[in-house]
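Structure first, then comments.
Number of protein chains: 2
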Amino acid sequence: MNQASTASSEPTTDQHTDRQSIHIQAVTGIPDIKPGDDLAAEILIALKNMQLPLAHGDILVIAHKVVSKAEGQIVDLATVTPSAEALEIAKKLNKDPAKVETVLRESSQIVRTSKRADQDEGLIIAKHRLGFICANAAVDESNVDQQNHVILLPKDPDASARSICAALEQATGKKLGVVITDTFGRPWRMGLVNVAIGLAKVPAKVDMAGETDAYGRELKVTVPALADELAAASGLLMSKEGKKPVLVFSGVQWTPRASSAQELIRPTGEDLFK
Amino acid sequence: MNQASTASSEPTTDQHTDRQSIHIQAVTGIPDIKPGDDLAAEILIALKNMQLPLAHGDILVIAHKVVSKAEGQIVDLATVTPSAEALEIAKKLNKDPAKVETVLRESSQIVRTSKRADQDEGLIIAKHRLGFICANAAVDESNVDQQNHVILLPKDPDASARSICAALEQATGKKLGVVITDTFGRPWRMGLVNVAIGLAKVPAKVDMAGETDAYGRELKVTVPALADELAAASGLLMSKEGKKPVLVFSGVQWTPRASSAQELIRPTGEDLFK
């Protein structure tokens, strides 16, 4: 991707390869994605128009919204009949009952609901059926082109990532990785960051156990969340207005393997922070 | 920094400047930092040796360990007398009492202690005196060159960032930003990411309220944590072995302002995720 970077070599299996720079490139010119569109094909067209070929080891980081749209994961709230539970929560939080019903359908558990006196509309913290804990079970109103429609997460974001990755690899002959992201709030810290919700080949975490620090001391618990580092970095360039949903990372040191964003979900019993 | 990027212009006050790429460069050749060293001077020497001049708008992301070391924020555990509370926690968690005492001295509150049967040593989740909630109040054993010594956070990481930023700006004549990071675990999600603990000029968050999405719908709650995006991205290149503690980000769209990592700490009463 980036001619000046070291990313044109194969993804390395050597943890100690000493890469010194990373280039993050927005893929421009991707059209408005509609249900049924072939997202990988649209990315390839955009890259061709940019005259930017992909290279071995490049990682594509993709905002889930374009994946969800291509897969038709859009709900017309006018078609949703709220349950009694949805009506009750909607009243308490001053939210649209059809939206609350959609959140409930996407959730395996409501973690907390909250509405401050100064808020027009309250918030639902939910455990999404995929295990991610986030606001409104990731049901999102922004960047939808139709009034009264909301976007859901892809049905199986890991499968979506694998499918896009396979199509891009087949078309280019390069070994690639894909990370699909969503934007989450965080306990204890203000502001939003993008996190990984679907992975193809990119390891969720890099296990450094057994490696040593600069002084030869063994690193026991240093497990960087590589996929979330990539996701968070994507927020630097993916405009919040939704116009740059695909980025190419070149120069990242990584080793392809079978992976899943599910590895990033902390088992309930192990959550020391709850 | 990166000739191919668009970062050589002034940091912009126009939120809509459409930057398309970001380059992240590791600063190589920074020597082992000792108490009393001038970190900014060492960074400037390393950049000169690399023949990489800084440009307007570049942001330096720095692992706190080199800042802490330069400031002498190192504790010889042999000099620490554990309190009764430290002795009690140390026994319960099978931890070094002097280390627990150091954690207590750095903390304003112990959030939780935990030791699983399969763990040799337990964990303390603490609220650091600066407000950050993290493991062991950020008291760290790795990347210290002396046995039985631990590294603390800088006394005032925002002040450290401002001091380094001012020195770099004075030497180069460029308008720069500085982010000081530490590596934190996270509630609900596995793996570690770097977060911002000290800021100079780089906004903690970018308030998008009032901006519109791709379809003209107002973005009400989209507040990206820019400083944490930069910090998390730094984990992609800062080797966990501690040998690449300083990175230069070029091409980031940002507007300098007075800032503090304290803005990233969620007020206790507002923590919907706890």
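Listed in order, the protein sequences are those of chains V and Z. Each residue of the first sequence is one higher than the one before, starting from 0 at the first, in numbering that gives the first Met the number 0. Each residue of the second sequence is one higher than the one before, starting from 0 at the first, in numbering that gives the first Met the number 0. Each residue gets a CB set at the ideal place from its N, CA and C atoms; glycine is no exception. Since this is a predicted model, take the numbers as computed values, not measurements.
- Query: Which chain Z residues sit within Cβ distance under 8 angstroms of V/R188?
  - Reply: V194, A224, D227, L263, I264 and R265
- Query: Who are Z/Q108's beta bridge partners in DSSP?
  - Reply: Z/K126
- Query: Taking Cβ-Cβ distances shorter than 7 angstroms, what residues in chain V pair up with Z/G56?
  - Reply: Simply none; closest approach about 13 angstroms.
- For V/V251, go through chain Z and note every residue whose CB falls closer than 9 angstroms to its CB, in chain order. L235 and L236
- Whole-angstrom Cβ separation of V/I21 and V/L167, contact assumed at under 8 angstroms? Not really, about 19 angstroms apart at Cβ, beyond 8 angstroms.
- Along the region 22-54 of chain Z, what residues have a CB closer than 7 angstroms to any CB found in chain V? H22, I23, Q24, A25 and T27
- Interface positions of the region 104-136 of chain V facing chain Z (Cβ-Cβ less than 7 angstroms), listed along the chain: R111, S113, L122, I124 and I132
- Pull up the CB-CB distance for Z/A85 and Z/M237, whole angstroms please, since I reckon it's below 8 angstroms. Actually they are not in contact, since the Cβ atoms of Z/A85 and Z/M237 sit about 32 angstroms apart, beyond 8 angstroms.
- Message: For V/P65, report the span of its alpha helix (DSSP H) as first-last.
- Response: One point to set straight first is that residue 65 of chain V is Val, not Pro, in the sequence displayed. Here the alpha helix (DSSP H) through V/V65 covers H63 to A69.
- Go ahead and pull the three-state DSSP assignment for Z/L235. coil
- Query: With C-beta atoms as the reference, is V/A45 less than 7 angstroms away from V/V26?
  - Reply: yes
- Going along chain A in order, which residues have a C-beta closer than 7 angstroms to the C-beta of Z/S20? The structure shown contains no chain A; the protein chains it does contain are V and Z.
- Message: As a quick exercise: from Z/V201, Z/S159, Z/T182 and Z/F183, pick the residue whose alpha carbon is nearest that of Z/L175.
- Response: Z/V201
- What's the gap between the Cα of V/P81 and the Cα of Z/P255? 46 angstroms
- Query: DSSP three-state call for V/Q169: helix, strand or coil?
  - Reply: helix
- Task: With DSSP as the reference, please indicate the residues paired to V/Q24 in a beta bridge.
- Result: V/V247 and Z/S20
- Counting only beta-carbon atoms, is V/A231 nearer than 7 angstroms to chain Z? yes
- Task: For the alpha helix (DSSP H) holding V/L43, just list the boundary residues, first then last.
- Result: L38 to M49
- Neighbour flag for Z/P10 against chain V, beta carbons, 7 angstroms: Unreliable positioning characterises Z/P10 in this predicted model, as indicated by a pLDDT of 45, which lies under 50. The coordinate reading is nonetheless provided below. Taking Cβ atoms only, chain V never reaches closer than 7 angstroms to Z/P10, which makes this a no.
- Query: Excluding five sequence neighbours on each side, which residues of the same chain lie with their C-beta closer than 8 angstroms to the C-beta of V/M49?
  - Reply: V26, T27 and G28
- Message: So for V/V177, helix, strand or coil by DSSP?
- Response: strand
- Message: Measuring straight from C-alpha to C-alpha, what distance separates Z/K90 and V/L122?
- Response: 42 angstroms
- For Z/I150 and V/T267, the rounded distance between their alpha carbons: 31 angstroms
- Close-in-space but distant-in-sequence residues of the same chain around V/E120 (CB under 6 angstroms, 5 per side omitted): N93 and K94
- Would you call the region 144-164 of chain Z and the region 108-120 of chain Z in contact, with 3 or more CB pairs under 8 angstroms? no
- Item | Of the listed residues Z/F131, Z/G250 and Z/L152, nearest to V/W187 (C-alpha basis) | Z/F131
- Task: Pull up the distance between the alpha-carbon of Z/I124 and that of Z/P96, whole angstroms please.
- Result: 16 angstroms
- What separation, rounded to the nearest whole angstrom, lies between the Cα atoms of Z/T101 and Z/V138? 7 angstroms
- Message: Let me check one thing: in DSSP terms, what residues is Z/G197 bridge-paired to?
- Response: Z/I179
- Helix, strand or coil at Z/P156 [DSSP, three-state]: helix
- Per DSSP, which one or two residues make a beta bridge with Z/C133? Z/A125
- Pick helix, strand or coil for V/D139, following the three-state DSSP scheme. strand
- Query: Taking only beta-carbon atoms, is V/K274 less than 7 angstroms away from chain Z?
  - Reply: Because chain V here runs from 0 to 273, residue 274 of chain V falls outside it and cannot be looked at.
- Using a Cβ cut-off of 9 angstroms, pull out every chain Z residue sitting near V/A203, in sequence order please. M189 and G190
- Query: Would you call Z/P156 buried or exposed, if buried means 16 or more other Cβ atoms sit within 10 Å of its Cβ?
  - Reply: buried
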